[in-house]
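Visitor: Chains A and B supply the protein sequences, listed in that same order.
Per full-length UniProt numbering, the very first residue in the first sequence carries number 1; after that it's consecutive.
Per full-length UniProt numbering, the very first residue in the second sequence carries number 1; after that it's consecutive.
Every residue gets a Cβ at the ideal spot worked out from N, C-alpha and C, and that includes glycine.
Since the structure is predicted, the reported quantities are computational estimates derived from the model, not experimental observations.
There are 2 protein chains.
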Amino acid sequence: MANAAGASEEELPRASSADEEVVEEEQIGTVNERLLDYRSLNLRRHAPNNTSQVAIVGSNLCPIESLDYELVENDLFNQDWRSRSRSAILRYVFLKWTFCLFIGCVAGAIGFFNNLAVENIAGLKFVAVSNLMLADKYWTAFAVFAGSNLALLMFATVITAFVSTAAGGSGIPEVKAYLNGVDAPDIFSLRTLAVKAGPMVHIGACIGAIVGQGGSRKYGMNWRWLRYFKNDRDRRDLVTCGAAAGIAAAFRAPVGGVLFALESLCSWWRSALLWRAFFTTAVVAVTLRALVDVCERGNCGLFGKGGLIMYDVTADNITYHLADLPPVILLGVIGGILGSLYNFLMLKVLHIFSQVNEKGCTYKLLLAATVSIITSCCLFGLPWLAPCSPCVKDDCPSIGRSGSFSNFQCLPNQYNDLASLFFNTNDDTIRKLFSNGSNDDFHKSSIMVSFITSYVLGIISYGVAAPFGLFVPVILTGATYGRVIGMLMGSNTSLDHGLFAVLGAASFLGGTMRMTVSVCVIILELTNNLLLLPLVMLVLLISKSVADSFNPNIYDLILKLKGLPYLEDHVEPYMRQLTVSDVVAGPLRTFNSVEKVGSIVHILKTTGHHAFPVIDEPPFSSPPVLYGLILRGHLLSLLRKKYFQPTCSLAGSNHASKKFVADDFAKRGSGKQDSIDNIELTAEEMEMFIDLHPFINTSPYTVVETMSLAKALLLFREVGLRHLLIVPKSANRAPVVGILTRHDFMPEHILGLHPYLTKSRWKRLRFRTSIFTKFFRAPSI
Amino acid sequence: MANAAGASEEELPRASSADEEVVEEEQIGTVNERLLDYRSLNLRRHAPNNTSQVAIVGSNLCPIESLDYELVENDLFNQDWRSRSRSAILRYVFLKWTFCLFIGCVAGAIGFFNNLAVENIAGLKFVAVSNLMLADKYWTAFAVFAGSNLALLMFATVITAFVSTAAGGSGIPEVKAYLNGVDAPDIFSLRTLAVKAGPMVHIGACIGAIVGQGGSRKYGMNWRWLRYFKNDRDRRDLVTCGAAAGIAAAFRAPVGGVLFALESLCSWWRSALLWRAFFTTAVVAVTLRALVDVCERGNCGLFGKGGLIMYDVTADNITYHLADLPPVILLGVIGGILGSLYNFLMLKVLHIFSQVNEKGCTYKLLLAATVSIITSCCLFGLPWLAPCSPCVKDDCPSIGRSGSFSNFQCLPNQYNDLASLFFNTNDDTIRKLFSNGSNDDFHKSSIMVSFITSYVLGIISYGVAAPFGLFVPVILTGATYGRVIGMLMGSNTSLDHGLFAVLGAASFLGGTMRMTVSVCVIILELTNNLLLLPLVMLVLLISKSVADSFNPNIYDLILKLKGLPYLEDHVEPYMRQLTVSDVVAGPLRTFNSVEKVGSIVHILKTTGHHAFPVIDEPPFSSPPVLYGLILRGHLLSLLRKKYFQPTCSLAGSNHASKKFVADDFAKRGSGKQDSIDNIELTAEEMEMFIDLHPFINTSPYTVVETMSLAKALLLFREVGLRHLLIVPKSANRAPVVGILTRHDFMPEHILGLHPYLTKSRWKRLRFRTSIFTKFFRAPSI
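Right under this line is the structure:
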């Protein structure tokens, strides 16, 4: 309490020397371990002793920035708002929906062509390999198989490493962080979009963000009339729609896409957005439908039924009764355990791999090559151990066809069941596993081996610095896992193994990603069988509950590992014991409403703050009052345009509106902010004044200094703030005593200031066995 | 601005004399018209001239109350929080999930037995009628038909009128208002639950609310260890889960139920709730499954395939191409127009009927009887005009069976298609209409007549004071409408008429209720055919867009008509031109932190405010500071327990915690609040003091007086507040200058204070033709 005032420590630039960082017990091991791709952008932490507060700003690195979902209601905005013509509003609305249409079309098309490429490339590979195997050229077959795998992965790794490192991984954690208000560098650039192949959520979000930026300035694509969208709020909406479109395109699951965005990605939501996201995914569905129509005329090479995941395993006669519940419950419980173990192992591997990847591009490539060769060896080597079975089905054995049973080393008229699982695209394999009436197609041992292989390979592949998704590997592993359980049940259950595979996939998705409604709908949209619904729901509920008692979901783990300051949606219990003034630290920088240019420049140069409270002092007001909040970006605009006046007096807002249009203050795309270092001012100009009044946001959100931290966090998160001002509770003080930002709500920061609270906090990132964690979380906000 | 301070005018008691009400231009016609069932509870409006500010409190009428989703963080709460044992937390969590389990089971069972009853009663009726018709006893048949209809409706009307008027209608508007923070009287009582039959959303919400109240005090069901749930926040969660369970039980649509709650009912949502609502609906699905299993053994009378809406019209071969889009788009456009017209007519009829219903129970019964007889005449009379068709299908003609084609006046081996639509339960009729390959079963004229009849009867039935739902009539009307369009298309389309019926139902749902994702999922879960998805989405998008340009959805219209102060989720443009101090009115009542009993009693008796800011003044603090907010309910508890002290001094929180436990301050169920009139104090006691400190919420949310109204509304709504304090911007003023409540954000109130803003506001309740409305809304928050 008292006079402790807050430093707006938000921009998080390179912490180049390790001694600037305070190692807290919550970090995993050492500082280095948390760095990964974002190592140069890591959170610079407040030291409890309040030293080294001032950030080094103006470096040419892209910082992790917070986003501001609040409108800046300053005089200029209000004038603009009032004078907005009907046609401007119509254009805005028209554009908004056009963007959604565009995002839907593009995401649908990209999803389709992605799939087309995968089906054709992978299909060609498998056909070539099986032909060689048929001709007994085993070593050549291996060479072709391993060689093509290696070439593809090296290509992906090289473009990721040299064009856009942000394109690595699934991208979902970054999208999630963005929608929470954290702008990781370069995640939504055209480069990233170009490199990205596969994980559709990130692709969709990229399309949304790029559309919202009004093209890319760098590549000369910039339409002036898109300026209304140049704020974080509209961009966030477009990114949300894009992410929903991504899932819809990946799984042909339009409703699932909307729900995924709602359940897993978004931190804020409103019903108008539901409506637009739904429109976007509907467009995706129509686009896909139209493109598939074209393909059905047979112009798409190997793209057949396998294209675009849609397993459509029609089994009208699925019946189940209460007696079938125990095996299903068991499936859920084990799925939850395996899922949380998957998360745990994934984190460990990511951790080790990131240390390797950090050492440079050569290491990245070497790692990718190693992973590729191990994968090839496993996939090619293990089927030799599997027994051959006589063919009974139509599509067996496969000669020159993809998607069917594989002959491998067996005699003609026989098939190798393990090879049939490995030498197919993921989509085809999953369809095989989901199929009804195929209980006897696979040996118990083959399914076991296949499960272990996909579990392990899924974990080690993701750490490679290439664009890999998580969804399909998890579904594949889950499906094999389900079959394993089905086989172990033997005659104790009457349920089909194909049904077990579907439920296994659900339980594994629930165990790793912890989504409920969206996974449920996606599974339904994938299998096109609504009768499964109650069982899928049950399995998801159980596996999520079990897994939640061990660790958080995989995306949150990766988020933490990457050091992105994600604001949780629940309140830690100790936050109720603190007031807002307990967590602010460092000196508060304020401006007068008419301020000298020199002091503005000085403060901008010596701090990294993104916003400054402005005080109206005598002669403009007596006593001093809080006039509002001004943003760094706006101050830079004023300095660049040299909006100066010789004396300390009011200039009036008419003057300002003549000199500036709203576009001057529009927020640019991520990573394109101005720097104070680029502005040159003469000594004479430094002695002049700026009347800040017309540019100040006169409606900043405030809390009284005695407000509990828990409630301030609720406000901060629900309204989507970037800055929250603290006002004094009594009258004889300065009108503003501090400023809270995202950083001040981070548990690491709070526990750094109040180490005695640590005991009341439970460890989140550790692999825990305490089932109580979930219970403790529940009663909080 | 300046010193205008705010009156916390929240409790909205009977405005007994009409002159107290200020007729505003936004009201529909006269004051009387807005009254309906809630006429005695209508909003008392602030007169612009600030007269008659003080409400008459203490009457024995149940007021419409606001809800408070914020935690009261006072000393007692904090002590309780810190000392909460692990077992208490575990019990809380355990109870929470048990409640959901319980709600799911009960809602599933009620849904099932509701349906069972309907199937059997309606089935018996139709069988009796068709047997009489077969015996050529036409007048007897009519007498039986009309008589049973009349008896059933009279019974429903009588119990509604005499036991619980709140059970009338669909209940969805009331649930929606509750989740927005408006507690209409008696909506969630045991009486209401007992009377309610049919509309499952309200039933589910009732179960949730009653469970959360820890039983009903009135009926002696009260478990003390449920006290943790005695706050609005937990009750809201349970009501949400209950409403989701209701939809799930009504339509066997668990995912649709969750989405309906999310999209249409809730004003606030968090992901933890998604998770619990999902669990609840999963339980519903399992319960239903188990009960249907029992019925399949044939113990349920006429409850056969018709029971529990699940149309399951399996048509695997639905194909459609881009060429089929124009008729579908046309269907959507006309559906939107018809849907908004339905809303408009419904409102007019409700309006007229409510005037009749107001006149007393006799009128209610007369009205119900009239409606019932008109309905019977239509349904029995119109089929005489329909031609007979020769039987070609298995289930034709029907003798002693429900759910099949009806013989009516035709020869044996013939059927009357219109009678087949009328003389079946709604479920059976809808299944008939949705069926594939039945293009030639119905004559064009019969479908047309059926459409017009169900459109008109749907509108007039809802106004009767009995528990009627909206969903099924709307689906039925929509399905006939779809068939009409399909028939009019003739050979211009290759789509099946059953598909047209499904799309028609979707478009009509979109046109009246304006839901998107949830209707989409419900339709999918009803028809069990995912291939329909893109078409359903398209139709919904179009019909909603078209209808939105005319009027709001039916629930919002009914909400407005009932005078419930619903807080919209968007900001009206004029709110950006106002600051919070522009809308507060009337004198502010505050307490000192140690206050005289007499003044507390006086203020409680003379105002209806629900919370009072407390100021720490000398000698406890110098200068005066805002200490927090105290609730009326807490003050009443203090007065009742006579927590008095002889002098004006601090008592300390230890003293308080000895005398009070958290349960003393737990919020009771709706309509069970204490009254100051029930507390008797001696003249001596009136001279004593109370130290309020331990009972004051020290973390009330505040805004500075210059905050724009739009931003304050955002805060108010997103955080779920009941009171929002206004603090001064400068230091030389009282530490709190006003208080904002829900009422202050109501457009009627604001425009009453600032009539000049009216021109910038567009009329919401009128039947509008301006498509621009939607466009104007969009750019706002």
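With a 10 Å radius around its C-beta and 16 neighbouring C-beta atoms as the bar for buried, classify V521/A as buried or exposed.
Guide: Buried: at least 16 other Cβ atoms inside 10 Å.
Visitor: I'd like to check one pair, T480/B with L524/B: are the Cβ atoms closer than 8 Å?
Guide: Against a cut-off of 8 Å, the Cβ pair of T480/B and L524/B comes out as no contact.
Visitor: Between which two residues does the alpha helix (DSSP H) harbouring I630/A extend?
Guide: Looking at the DSSP string, I630/A is not in any alpha helix (DSSP H); the run it does join, the beta strand (DSSP E), is 625-631.
Visitor: Give, in chain order, every residue of the segment 222-254 of chain B whose Cβ lies closer than 7 Å to some Cβ of chain A.
Guide: Of all residues in the segment 222-254 of chain B, P254 have a Cβ within less than 7 Å of some Cβ in chain A.
Visitor: Run through chain A and tell me which residues come within less than 8 Å of A368/B, C-beta to C-beta.
Guide: The contacting residues do not exist; A368/B stays about 36 Å from chain A at best.
Visitor: So, under 8 Å CB-CB, R483/A and F500/A are touching, yes? Tell me the CB distance rounded to an integer number of Å.
Guide: About 6 Å; that satisfies the 8 Å criterion.
Visitor: Under 8 Å between beta-carbons, which chain A residues line up against H321/B? List them in chain order, please.
Guide: Going along chain A in sequence order, the residues near H321/B (Cβ under 8 Å) are D293.
Visitor: Quick check: the segment 324-331 of chain A against the segment 147-156 of chain A, are at least 3 beta-carbon pairs closer than 8 Å?
Guide: In short, these stretches do not touch, since the Cβ pair count stays below three.
Visitor: Could you tell me whether the Cβ atoms of N553/B and L629/B are closer together than 8 Å?
Guide: No. Outside cutoff.
Visitor: Is there at least one Cβ from chain A nearer than 8 Å to C520/B's Cβ?
Guide: It does: the Cβ of C520/B has a partner Cβ on chain A nearer than 8 Å.
Visitor: Could you list the residues in the segment 537-551 of chain B with a C-beta less than 7 Å from some C-beta on chain A, going in chain order?
Guide: Of all residues in the segment 537-551 of chain B, M537, L538, L541 have a Cβ within less than 7 Å of some Cβ in chain A.
Visitor: Considering only the alpha carbon of each residue, which of R235/A, I110/A, F745/A lies closest to A194/A?
Guide: It is I110/A.
Visitor: In the DSSP output, which residue or residues are listed as bridge partners for A611/A?
Guide: In the DSSP output, where bridge partners are listed per residue, A611/A has L631/A.
Visitor: Got a sec? Which residues, its chain only, sit under 7 Å from V255/B by beta carbon, not counting five neighbours each side?
Guide: For V255/B, where only same-chain residues beyond five positions count, the Cβ hits under 7 Å are V521, E525.
Visitor: Would you please state the rounded distance, in angstroms, between the beta carbons of F620/A and F591/A? I believe it to be under 8 Å.
Guide: About 12 Å; that fails the 8 Å criterion.
Visitor: Leaving out five residues before and five after C391/A in sequence, what residues of the same chain have Cβ atoms less than 8 Å from its Cβ?
Guide: If we look at C391/A and ignore the five residues flanking it on each side, its Cβ neighbours are P397, F405, N413, Q414, Y415.
Visitor: Is the segment 468-479 of chain B touching the segment 195-215 of chain B in the sense that three or more CB pairs, one from each, lie closer than 8 Å?
Guide: A contact exists between the segment 195-215 of chain B and the segment 468-479 of chain B.
Visitor: Taking only the alpha-carbon atoms, compute the straight-line gap between G498/B and S491/B and give it to the nearest angstrom.
Guide: So the two alpha carbons sit approximately 15 Å from each other.
Visitor: If you compare alpha carbons, which of W384/A, V163/A, A209/A, H655/A is closest to V175/A?
Guide: Of the candidates W384/A, V163/A, A209/A, H655/A, the one whose C-alpha sits nearest the C-alpha of V175/A is A209/A.
Visitor: Hey, how far is the Cα of P710/A from the Cα of L322/B?
Guide: The sequence shown places Ala at residue 710/A, not Pro. Between A710/A and L322/B, the C-alpha separation is close to 53 Å.
Visitor: Who are the neighbours of T702/B on chain A, taking C-beta pairs under 9 Å?
Guide: In chain order: T702, V703, V704, M707, V727.
Visitor: Exposed or buried, A712/A, counting other C-beta atoms within 10 Å across all chains shown (16 or more means buried)?
Guide: Buried, since its Cβ has 16 or more Cβ neighbours within 10 Å.
Visitor: Scan the segment 387-448 of chain B and note each continuous beta strand (DSSP E) run of 3 residues or more that stays entirely inside, going in chain order.
Guide: Listed in chain order, the complete beta strand (DSSP E) runs (minimum 3 residues) inside the segment 387-448 of chain B are 388-390, 414-416.
Visitor: Use the C-beta contact count for I679/B: other C-beta atoms within 10 angstroms, 16 or more gives buried, fewer gives exposed.
Guide: Looking at its Cβ environment, which holds fewer than 16 other Cβ atoms inside 10 Å, I679/B is exposed.
Visitor: Is the CB-CB distance between L559/A and P173/A below 8 Å?
Guide: In contact: L559/A and P173/A (Cβ atoms closer than 8 Å).
Visitor: Please classify F162/A as buried or exposed, where buried requires at least 16 neighbouring CB atoms within 10 angstroms.
Guide: F162/A comes out exposed.
Visitor: Since E685/B meets chain A, which of its residues come closer than 7 Å, beta carbon to beta carbon?
Guide: Within 7 Å Cβ-Cβ: nothing; E685/B doesn't reach chain A, min ~32 Å.
Visitor: Pop quiz: Y643/B and I690/B are said to be a contact at Cβ under 8 Å. What is the actual Cβ separation, rounded to whole angstroms?
Guide: Correct: roughly 6 Å between the Cβ atoms.
Visitor: Taking the beta strand (DSSP E) that K596/B belongs to, which residues open and close that run?
Guide: Segment 594-596, the beta strand (DSSP E) holding K596/B.
Visitor: Is it buried or exposed, L273/B, if we count other Cβ atoms within 10 angstroms and call 16 or more buried?
Guide: Counting Cβ neighbours within 10 Å, L273/B comes out buried, since at least 16 surround it.
Visitor: Can we count F99/B as close to the ligand NAP, meaning its CB is less than 7 Å from some heavy atom?
Guide: Annotation note on the ligand NAP: not contained in the displayed structure, which lists no ligands.
Visitor: Could you tell me whether any Cβ in chain B is nearer than 8 Å to the Cβ of A568/A?
Guide: Strictly speaking, residue 568/A in this sequence is Glu, with Ala absent from that position. No, because no Cβ of chain B sits closer than 8 Å to the Cβ of E568/A.
Visitor: Using a Cβ-Cβ distance cut-off of 8 Å, determine whether L274/A contacts chain B.
Guide: Closer than 8 Å: yes.
Visitor: Against W384/A, what residues of chain B qualify as contacts under a CB-to-CB distance less than 8 Å, listed in chain order?
Guide: Here the premise fails: no neighbours, minimum Cβ distance about 40 Å.
Visitor: Can you pull out the residues from the segment 569-583 of chain B whose beta carbon lies closer than 7 Å to at least one beta carbon of chain A?
Guide: Answer in chain order: D569, R576.
Visitor: Using a Cβ-Cβ distance under 8 Å, would L588/A count as near chain B?
Guide: So, not an interface residue.
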